[in-house]
Structures are given as structure tokens and as C-alpha cells.
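J.: Numbering (our numbering), first residue to last: 1 to 390. Quick reminder that beta carbons are idealized off the backbone N, C-alpha and C, glycines included. Submitted below is the structure of interest, expressed as C-alpha cells.
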Ligand code: PLP
């Protein structure tokens, strides 16, 4: 069975051109880029090219890019660096809807003497900037607020957030793991100090990420040891991964327009038709500005996991808004923070498209999904009622 892959916010397929670009760096050009000899030097040149390509996608300078192992490392590094830079400041601001790569380190720090403010969101997943204005003070070391949400695709007003943060002299970090490659970014004119990205979300392999650090931003490395990455991230470079990320960034730049026209049109059609064909459905974050590829829909009175399993039998891959912890099915922290009613949060499904998604695949989803929801609702007493309500 050929898969219909609409789970691109979880991870993406490596682009064939990216794969070809990285291949020679395993068995042929395997030199260490730090070596003095020509053999390492040619790898170093290719790393420089990857840094230029990554910077270009962000509208940044090459020296502002530090390669890391993943988005999680980039997020952790940014938070740690800010706290080491301002040891006298004991306050961190983040939001309730961050990815665990930010939320978990912040919550751990709250047990170690830091005050952590988690900003709330409204029913559409939007921030209240006044809440940020009243939370931030001279004791705030870092504000870490994501660019775009991985579950709903909701985009936060990052530049407005940054302007507020600058007034208090705190460091502004944004987790842009879901935004990079999907929407245009321009770091040169931005209020962002640090920005995290991850290769496997933009058609590069897993195990490579980057942290953008604005020139002049004080920085303390997380990994110390060798002098790689200008002593900002020790450890022999993941050369093939870095080269792959560079190529993926170059391609993402070229496909940005396609992402915001063709991919967005497919997402909009999927959403519109689901709402037309199936009763008692809502789009999570539908009233907010969103990424062009992401669609989170709540089917009332059904379990998201049941929908996923039945779709999976038809070859359709998506993901649910629930996390299965120790046998109990908890709705996601993002949907709970948005106040999505329990009966909807449990039946929430995220479809995340990519440039490899086709119209035919959207047609198949629209053909297979309505009978699946109908069947599941028929099996539940609340669901049976909903079938007639419309
Ligand atoms: N931040 C966001 C918003 C994400 O969606 C993810 C991955 O899902 C991460 C961080 C973590 O990235 P990585 O898997 O590269 O560690």
C-alpha cells in the first residue's frame, strides 16, 4: 500500500536532491573539516556553503548560524545561554503552547529557583500581548515564544513580541522549527535574538539543526570542548547532515512561493470540504493566522486515535492532538490551553502537507474520511445523536 503522508509537521521525507548532495560525504569525502590537509579543506568549503545557504533562507549573516544536532538542542542551548549571560535575572517567559523542547527545560528550571511565566492563548490559539507586557520585568532573562505552533499552525506576532522584549533588555528566542521553510523570514530586520530550526522538518535528514544567534547577542555555549563552530558548539561536525541542511534550505527558499500558493490551496480545500462533508467539526485555530500547510480539525464525539487507526488502514498518515500517557488518553496541552472542549480535543486530527502532497491524495482523504467518522459516531451514543444534528 502506497502511503498518503500528511504528517509533515512530525517529520518530512528527505528530498532526493538533498540525499544526493550528502552522499559523497560518507565514503569518499570523509575528511574532518578541522584538518589542515586538502582533504579536510574541501569538506570545510562545503560546510561554508551550507552555512551561507542556511543564512540566506533566514535572511541572516553566515556567522550568525551555529549548526546543532536538532531543534531540541537549539532550544535548550538558547535558554541556557541567556540564563548564563544574565545570572542575576531569575525570570523566564514562555507560553503554554510551546513544544516540550522549550516547555520541559523551563519547567525543570522552575524547580531550580527560576520564576517561569507561561503566557496563555485564546480560543483560536492567539497570544495576548498585554499579558506579556505585564509579565516582563527587569528580572526577565529570556522570553522564548514559538514562531508557529506545531499542532495548529497558528503563527505568533513575533516582531511585536520582540519589540516588547527589547524594551526590558531581555533575550528573545523563538522556536521556529515549524516556520522555517514554510513562511518567509527576514532576520536582518528582525527583533529576534536567537532562533531554532530543525533539518528534518524541511526535507533534510534527522539529526541536524541550527541555532541563529544575532551578531552582538551575548552567547554561552552548551557543548564545550573543541573549537568547532567558532567555539560556540563543540564536537566534530555532522558534515553530511550540515551539507544536507544547506541544500534543503536552498530548496526551501525556491519552494516558498509554492508552499504559500499550491500547498496552501490544497490545505484550504481539504479543510473546506471536511467542514462541508462532515457535521460537528471545527478547525482548531481556524480564526488565526496560520502556516500554509497545517490543518487541525476536531471531530466531535469521536476518539482521535480511532480515526488515525482507521485512516492508517487506508494508507493515510496523520496525527492526533492527544498524547497517550500511561494508558490514559490526555488531550494535547495545546488544545487544552486553547480551551477546546473536551469532546472536541479528543477527536482532533492534524493533517500537515508538504510540497510532495498531491491533489489526488487530498481527494483520497476526502473520500475515505467521512465514512470513517460516520462509522465511529454510530458506535458511540453521543456520536449517534450528532449524526442527525448537522
Ligand atoms: N519545536 C517544535 C515546534 C517542533 O515541532 C519540534 C519537533 O516536532 C521541535 C521543536 C523539536 O525538534 P527536533 O525533533 O529536531 O528536536
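1) Given the structure, does residue 7 come close to the ligand PLP, in the sense that its CB is under 8 Å from one of the ligand's heavy atoms?
2) On the three-state DSSP scale, how would you describe residue 212?
3) Residues in its own chain within less than 8 Å of residue 220 by CB, not counting five upstream and five downstream?
4) Return the chain-ordered ranges of every beta strand (DSSP E) run that is complete within the segment 168 to 243 and spans a minimum of 3 residues.
5) Among 37, 96 and 29, whose alpha-carbon lies nearest the alpha-carbon of residue 146?
6) Looking only at its own chain, which residues have a Cβ that is under 6 Å from the Cβ of residue 106, when we skip the five neighbours before and after it?
7) Which residue from 338, 39 and 54 puts its Cα closest to that of residue 400?
8) Would you report the Cα separation of residue 209 and residue 101, rounded to the nearest angstrom?
9) Could you tell me if residue 292 is buried or exposed, where buried requires 16 or more neighbouring beta carbons within 10 angstroms of its beta carbon?
10) Touch check for the segment 173 to 188 and the segment 56 to 73: three-plus C-beta pairs under 8 Å?
11) Is the closest heavy atom of the ligand PLP to the C-beta of residue 125 under 8 Å?
12) In terms of alpha-carbon separation, which member of 130, 124, 205 and 160 lies closest to residue 149?
13) Using alpha carbons as the reference points, say which of 132, 201 and 198 lies closest to residue 168.
14) Mapping the DSSP letters down to three states, classify residue 275 as helix, strand or coil.
15) From the DSSP output, read off the bridge partner residues of residue 282.
16) Which residues bound the beta strand (DSSP E) around residue 118?
17) Please report the straight-line C-alpha distance between residue 346 and residue 38, rounded to a whole angstrom.
18) Could you check whether residue 14 and residue 204 sit closer than 9 Å to each other, using their CB atoms as the reference points?
19) Write down every uninterrupted run of the beta strand (DSSP E) in the segment 60 to 140 whose length is 3 residues or greater and which is fully enclosed by it, in chain order.
20) Could you check whether the Cβ of residue 180 sits closer than 8 Å to any heavy atom belonging to the ligand PLP?
21) What's the C-alpha gap between residue 325 and residue 189?
22) How should residue 20 be labelled, buried or exposed, when 16 other C-beta atoms within 10 angstroms of its C-beta is the threshold for buried?
23) Comparing alpha-carbon positions, which option in 6, 74 and 171 lies nearest residue 87?
24) Between residue 72 and the ligand PLP, is there a pair consisting of the residue's CB and a ligand heavy atom that are separated by less than 8 Å?
25) Taking 8 Å as the cut-off, does the CB of residue 75 come closer than this to any heavy atom belonging to the ligand PLP?
26) Would you decide whether residue 304 is buried or exposed? Buried here means 16 or more other CB atoms lie within 10 Å of its CB.
27) Measuring from the CB of residue 354, is there a heavy atom of the ligand PLP at a distance below 8 Å?
28) Could you check what DSSP says for residue 143 in three-state terms: helix, strand or coil?
29) Please classify residue 33 as buried or exposed, where buried requires at least 16 other C-beta atoms within 10 Å of its C-beta.
30) Taking all protein chains shown into account, decide if residue 193 is buried (16 or more other Cβ within 10 angstroms of its Cβ) or exposed.
31) Residues in its own chain within less than 8 Å of residue 217 by CB, not counting five upstream and five downstream?
32) Answer yes if the segment 345 to 363 comes into contact with the segment 274 to 294, meaning at least three C-beta pairs across the two stretches below 8 Å, and no otherwise.
33) Give the secondary structure of residue 13 by DSSP, where H, G and I count as helix, E and B as strand, and everything else as coil.
34) Suppose you measure from the CA of residue 142 to the CA of residue 277; what does that come to, to the nearest Å?
35) Kindly indicate the opening and closing residues of the beta strand (DSSP E) around residue 351.
36) Is it the case that the CB of residue 200 approaches a heavy atom of the ligand PLP more closely than 8 Å?
T.: Taking the structure as given:
1) no
2) strand
3) Non-local C-beta neighbours of residue 220 in its own chain, meaning closer than 8 Å and more than five positions away in sequence, comprise 80, 81, 84 and 85, ordered along the chain.
4) Complete beta strand (DSSP E) runs here, min 3: 171 to 175, 194 to 198 and 209 to 213.
5) Relative to the Cα of residue 146, the nearest Cα in the group 37, 96 and 29 belongs to 96.
6) 92, 94 and 116
7) Shown here, the chain extends from 1 to 390; a query on residue 400 therefore has no answer.
8) 13 Å
9) Its Cβ being crowded by 16 or more others within 10 Å, residue 292 is buried.
10) yes
11) no
12) 124
13) 132
14) helix
15) In the DSSP output, where bridge partners are listed per residue, residue 282 has 298.
16) 115 to 119
17) Using only the alpha carbons, I get a separation of about 58 Å.
18) In this structure, residue 14 lies closer than 9 Å to residue 204 by Cβ.
19) Runs found: 65 to 68, 91 to 95 and 115 to 119.
20) no
21) At residue 325 the pLDDT is 48, less than 50, meaning the model places this residue with poor confidence; the figure from the coordinates comes in the next sentence. About 42 Å.
22) exposed
23) Per the Cα distances, 171.
24) yes
25) yes
26) buried
27) no
28) Taken through DSSP and simplified to helix, strand or coil, residue 143 comes out as strand.
29) Residue 33 is buried by the Cβ-count criterion.
30) Burial call: buried.
31) 171, 193 and 194
32) yes
33) coil
34) Taking the straight line from one Cα to the other gives about 45 Å.
35) 348 to 352
36) Yes - the ligand PLP has a heavy atom lying nearer than 8 Å to the Cβ of residue 200.
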